[in-house]
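Below is one structure, written out as structure tokens; comments come after it.
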Amino acid sequence: MYNNGKELLAICREQNIPLWEAALLDEIDQTETTREEILEKTALALRVMQGSAGDPGEGKTMGGLIGGEYRKVKAYKDSRKTLTGETANRAMMRALACSQSNASMGRICAAPTAGSCGILPAALITGAEELDCGEEEILRGILTAAAVGKIIVQNATVAGAEGGCQAECGAAAAMAAAALTEMAGGAPEQSLHAAAIAIKNIMGLICDPIAGLVESPCSKRNASGVLNALSSADLALAGVESIIPFDEVVDAMYTVGLAMHPDFKETARGGIAATPTGKALAKTIRG
Ligand code: SF4
4 MYNNGKELLA ICREQNIPLW EAALLDEIDQ TETTREEILE KTALALRVMQ
54 GSAGDPGEGK TMGGLIGGEY RKVKAYKDSR KTLTGETANR AMMRALACSQ
104 SNASMGRICA APTAGSCGIL PAALITGAEE LDCGEEEILR GILTAAAVGK
154 IIVQNATVAG AEGGCQAECG AAAAMAAAAL TEMAGGAPEQ SLHAAAIAIK
204 NIMGLICDPI AGLVESPCSK RNASGVLNAL SSADLALAGV ESIIPFDEVV
254 DAMYTVGLAM HPDFKETARG GIAATPTGKA LAKTIRG
């Protein structure tokens, strides 16, 4: 049983096990299920993620604010040299696909939330391609992500309504960064450095969905969230460390979230939602 990153790393050190295994043993203990059952459920979650990260078509979303971004990014990256490269664009198009699926009532895996549901799948699928990982390694990545998510839930929040978008997309990026680091063979400490870096990168980000719908700016934040995860993992794997420990970063994120004005916490009264265009779109959507 671990309650924070420090305790999780101590378990890994004392038992000489990787982070994903510590997460799995804890899950067995907490849920009183077997290793096989947990791995089966994790594999099911992966299937859902893979399904939601594919081409969702032009599809109509609830508010009609997004749709077709997967195809646009795919066509763009397939037709010319891009600024961020093939991997980044592949990751972004998948994150955008998941967001569209969510906004059109498709099946998604809310890890940790529906609004941020594109970041982890896009990171896992694209990371596996780049690292030549098989399903077993991806499942280990998901377990690592789960450990990071659990710590954030226990010590802070993953709800935009409570902590702003930093809590939703920040938690998702942290989970994905840790998963990628694990899949790339990084040490447990490196996974938590990656997670800490990812949260710090969007510390203070408000939650301001137009018309209160999880479409805009949410979908683009999923695209940038997966890039945040990829770059944070690369930095950690290169040996760059977060100067502030993971647990303190989580605490700081929560403190910032609690101090945020209510207008910036999913009420659609601030930020992008409160711009003239945002308000006009909301009026049109609501009829
Ligand atoms: S802006 Fe709000 S609703 Fe949209 S993804 Fe971020 S936290 Fe979720």
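Counting in this note's numbering, the final residue of the sequence shown is number 290, and the numbers go up one at a time with none missing.
Positions of the beta carbon are idealized from the N, C-alpha and C atoms, including for glycine.
Going by CA-CA distance only, name the one from the options that's closest to residue i.
i	options	result
Thr87	Lys268, Thr280, Ser234	Ser234
Ile122	Lys80, Gly188, Gln103, Glu40	Gln103
Ser107	Ala176, Arg16, Ile69, Glu171	Ile69
Arg143	Asn105, Ile14, Lys44, His196	Lys44
Ala1	Gly163, Leu195, Thr160	Since the first and last residues shown for the chain are 4 and 290, residue 1 lies out of range.
Leu47	Ile31, Ile20, Ala98, Leu146	Leu146
Gly173	Glu218, Met206, Met186	Met206
Ser227	Asn92, Lys84, Gly60	Asn92
Ser222	Ala98, Gly137, Thr287, Ala239	Ala98
Ala293	Cys101, Lys84, Ile247	Because the chain is modelled from 4 through 290, residue 293 falls outside the range shown and cannot be assessed.
Ala131	Ala179, Asn158, Ser119	Ala179
Lys282	Gly57, Ser55, Leu216	Leu216
Gln193	Met4, Asp237, Gly67	Asp237
Glu139	Gly167, Ser245, Glu30, Ala182	Ala182
Pro220	Phe267, Asp58, Ala199	Phe267
Thr270	Gly166, Lys80, Arg38	Gly166
Glu251	Ala159, Ile41, Gly189	Ala159
Grab the span of the alpha helix (DSSP H) containing residue i for me, first residue to last.
i	result
Glu192	191-204
Thr34	22-34
Asp250	249-262
Gly163	163-166
Ile288	279-289
Ala149	138-158
Gly1	Nothing about residue 1 can be read from this structure; the chain reaches only from 4 to 290.
Asn19	Neither: Asn19 is in no alpha helix (DSSP H) and is coded neither H nor E.
Arg50	38-55
Thr74	Here the sequence assigns Arg to residue 74, which means Thr is not the residue at that position. It spans 72-82 - the alpha helix (DSSP H) in which Arg74 sits, taken as one unbroken run.
Thr270	Taken as a continuous stretch (DSSP letters only), Thr270 belongs to no alpha helix (DSSP H), as it is neither H nor E.
Ile128	122-134
Cys221	221-240
Closer than 7 Å to a non-hydrogen atom of the ligand SF4 - does that hold for the CB of residue i?
i	result
Pro212	yes
Pro115	no
Gly67	no
Cys112	no
Ile72	Inspection of the sequence shows that residue 72 is occupied by Glu rather than by Ile. Glu72 Cβ: outside cutoff for every heavy atom of the ligand SF4.
Cys172	yes
Val217	yes
Ala221	Just to set this straight, residue 221 is Cys in the shown sequence, not Ala. Correct: Cys221 has its Cβ closer than 7 Å to the ligand SF4.
Gly163	yes
Arg272	no
Cys168	yes
Ser107	no
Arg97	no
Ser245	no
Ser119	yes
Glu269	yes
Arg50	no
Are residue i and residue j touching if we call contact CB-CB under 8 Å?
i	j	result
Pro191	Leu27	no
Ala125	Ala25	no
Ile154	Asn7	yes
Asn2	Ala114	Coverage of the chain is limited to positions 4 through 290, which leaves residue 2 absent and any answer about it impossible.
Ala276	Pro212	yes
His264	Gly273	yes
Ile202	Val253	yes
Ile111	Val161	no
Met186	Cys136	yes
Would you say residue i faces chain C, with C-beta separation under 8 Å as the test?
i	result
Val161	In the structure shown, chain C cannot be found, because there is only a single protein chain.
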